[in-house]
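For the protein sequence lines, the chains are A and B, in the order given.
For the first sequence, the UniProt record's numbering assigns the number 1 to the initial residue and increments by one for each residue that follows.
For the second sequence, the UniProt record's numbering assigns the number 1 to the initial residue and increments by one for each residue that follows.
Note that the Cβ used here is the ideal one computed from N, Cα and C, for glycine as well.
Protein chains: 2
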Amino acid sequence: MSSQPVSAPTRREQILREAARLFAERGFHGVGVDEIGAAVGISGPGLYRHFAGKDAMLAELLVGISERLHDGGRTRMEEAAAAGLSPEAALDALIDGHIDFALDDRPLITLHDRELDRLRESDRKQVRKLQRQYVELWVGAVQAIYPELTQLEARVAVHTVFGLLNSTPHLSGSSALPDRETTAALLHRLARGALSAAPAGAAGAGARAKPQGSVRT
Amino acid sequence: MSSQPVSAPTRREQILREAARLFAERGFHGVGVDEIGAAVGISGPGLYRHFAGKDAMLAELLVGISERLHDGGRTRMEEAAAAGLSPEAALDALIDGHIDFALDDRPLITLHDRELDRLRESDRKQVRKLQRQYVELWVGAVQAIYPELTQLEARVAVHTVFGLLNSTPHLSGSSALPDRETTAALLHRLARGALSAAPAGAAGAGARAKPQGSVRT
DNA sequence: CCTTCAGGTTAACGCTCGCTAACCCGCCTG
DNA sequence: CAGGCGGGTTAGCGAGCGTTAACCTGAAGG
């Protein structure tokens with residue numbers, strides 16, 4: 001919509017990037033506007049030339065990442081459908097897309113599930129809607145492979161896999177990660193492994209998961 | 001220290017419980033002392049008869065849960081060793097213990113990986129030490145089953161599985177969970193499935209990786 | 001050359017919030 | 001019955017923080 005075509009890292013974007021980093025590090029309330037300003041070389045109230053307020057920055061960040069996550073997922077699913085890919089390949093594409101986000105935009109991923117309730121009602125509703133749609137994409141992809149899962153089970157499984165993938169930012173501080181490609185591959189295997197074990201019939205890693213009679217909320 | 005043996009839900013514990021809930025809901029900085037007081041029926045500064053300050057509450061909460069997590073894990077591992085259980089059963093015990101925490105003490109679990117850096121240096125060091133020891137317990141249990149994993153891979157896998165298990169608090173708000181037992185079993189399968197897929201050799205959907213009859217306790 | 005305006009600056013206001021001060025009261029205990 | 005004392009209360013201080021006001025400046029544009 002009103003997002004500029006972007007060409008060079010404009011000041012607004014600089015501010016958003018630094019704000020995201022700081023918010024993720026110390027929490028929304030834990031960061032002062034002076035700090036954000038200092039991080040981009042201007043001081044304090046200069047930010048108000050670019051944003052209506054601190055809240056507006058958070059809103060733009062959260063809405064932005066929700067949109068990008070959802071758009072990325074939807075695009076991948078459409079491409080998979082167009083290319084006639086298998087359900088497995090489609091799910092793999094979703095996973096890889098999410099991993100890219102988790103590894104490239106760690107601060108945003110952190111914010112995304114940490115500061116949602118600091119938003120104005122309208123913004124929060126929009127973010128939640130996008131999140132829900134994104135989850136539904138995943139649920140659909142998962143159920144295409146494991147049809148024996150109930151809607152509820154699939155949703156829980158998807159949420160927890162998000163938790164798994166989004167936990168990468170956490171361990172950046174304390175322990176070092178392997179190189180990006182190795183990490184991505186490991187995360188992919190872990191996510192896939194978790195989902196493959198979701199059906200009640202599947203023990204550790206069942207290949208065939210017969211419809212088990214016990215399915216019911 | 002001067003911690004009493006406790007017997008009935010004393011006022012201190014009431015305060016801690018409510019503080020945990022509020023901190024988890026709105027963040028440490030997002031909750032005022034007046035609110036915490038109101039939650040237990042007293043108002044504002046009355047809290048200072050029980051705690052040195054707001055920081056002290058957070059510190060006690062975080063140190064407390066770290067200790068309980070670690071102690072619980074260590075106890076389970078010792079019992080497993082004493083009973084001569086298989087590595088698989090030992091890991092299952094760890095997973096079940098963590099699931100109990102995640103389901104019973106959601107606010108604390110949330111706090112645990114969200115507000116760690118609001119602590120005084122000494123407290124933070126203690127919490128991190130306990131966390132590290134707890135992680136090492138898991139890493140040991142995992143490597144006993146999957147010796148082909150490097151130390152680093154195992155650590156990453158364990159961290160992400162924590163992310164998976166700890167994500168339950170998140171979806172309590174938006175979507176309802178199945179009953180506790182069903183949820184616990186599902187979480188167990190997901191965690192086990194993720195770990196079983198950690199070794200690079202294991203294919204995504206895991207056709208192999210030994211079927212494990214891992215039943216809950 | 002004068003104007004405009006984007007993008008800064010510093011000063012200051014007002015509110016919130018953690019915490020302290022001062023006071024109070026019911027209940028044991030000697 | 002006196003007197004601690006545990007556990008409250010309200011009033012208020014002081015710091016921090018988001019935000020606004022007022023002012024400045026350098027570069028485009030007619």
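Buried versus exposed call for residue i [16 or more other C-beta atoms within 10 Å across all chains shown]
| i | result |
| --- | --- |
| B/Pro147 | exposed |
| A/Lys129 | exposed |
| A/Pro5 | Reliability of the predicted coordinates at A/Pro5 is poor, the pLDDT of 44 falling under 50, and the value obtained from them is presented with this limitation in mind. Label assigned to A/Pro5: exposed. |
| A/Gly53 | exposed |
| A/Glu153 | buried |
| B/Gly27 | buried |
| A/Gln143 | buried |
| A/Gly41 | exposed |
| residue 219 of chain B | With chain B covering 1 to 217 only, the question about residue 219 of chain B has no answer from this structure. |
| B/Ser167 | buried |
| B/Gly201 | exposed |
| B/Thr150 | exposed |
| A/Gly73 | buried |
| B/Pro9 | exposed |
| A/Ala82 | exposed |
| A/Arg49 | exposed |
| B/Asp123 | buried |
| A/Pro199 | buried |
| A/Ala89 | exposed |
Extent of the continuous alpha helix (DSSP H) run through residue i
| i | result |
| --- | --- |
| A/Phe162 | Gln151 to Asn166 |
| A/Pro87 | Pro87 to Asp104 |
| B/Gly73 | Lys54 to Ala82 |
| B/Tyr134 | Glu121 to Ile145 |
| A/Ala194 | Arg180 to Ser196 |
Rounded Cβ spacing between residue i and residue j (contact assumed at less than 8 Å)
| i | j | result |
| --- | --- | --- |
| B/Pro106 | B/Pro169 | Before going on, a small fix: residue 106 of chain B reads as Arg here, not Pro. Yes, they are in contact, since the Cβ atoms of B/Arg106 and B/Pro169 sit about 4 Å apart, within 8 Å. |
| B/Arg192 | A/Ala197 | 6 Å |
| A/His188 | A/Ile99 | 6 Å |
| B/Ile65 | B/Leu47 | Actually they are not in contact, since the Cβ atoms of B/Ile65 and B/Leu47 sit about 20 Å apart, beyond 8 Å. |
| B/Val156 | A/Leu137 | Wrong, their Cβ atoms sit about 26 Å apart, outside the cutoff. |
| B/Arg180 | B/Leu69 | About 19 Å separates the two Cβ atoms, so there is no contact after all. |
| A/Ile109 | A/Phe101 | 6 Å |
| A/Ala20 | A/Leu111 | 6 Å |
CB contact below 7 Å: residue i versus chain B
| i | result |
| --- | --- |
| A/Gly201 | no |
| A/Pro87 | no |
| A/Ser66 | no |
| A/Thr110 | no |
| A/Ala20 | no |
| A/Thr75 | no |
| A/Leu94 | no |
| residue 218 of chain A | One cannot answer for residue 218 of chain A here, as it falls past the ends of chain A, which runs 1 to 217. |
| A/Gly193 | yes |
| A/Leu164 | yes |
| A/His159 | yes |
| A/Leu152 | yes |
| A/Glu13 | no |
Below-7 Å beta-carbon distance, residue i vs any chain A residue
| i | result |
| --- | --- |
| B/Thr10 | no |
| B/Arg189 | yes |
| residue 221 of chain B | Residue 221 of chain B is absent from the structure shown; chain B starts at 1 and stops at 217. |
| B/Leu61 | no |
| B/His70 | no |
| B/Leu103 | no |
| B/Gly27 | yes |
| B/Gly32 | no |
| B/Ala197 | yes |
| B/Ser167 | yes |
| B/Leu171 | yes |
* To do: Write down every uninterrupted run of the alpha helix (DSSP H) in the stretch 7-49 of chain B whose length is 4 residues or greater and which is fully enclosed by it, in chain order.
  => 11-26 and 33-39
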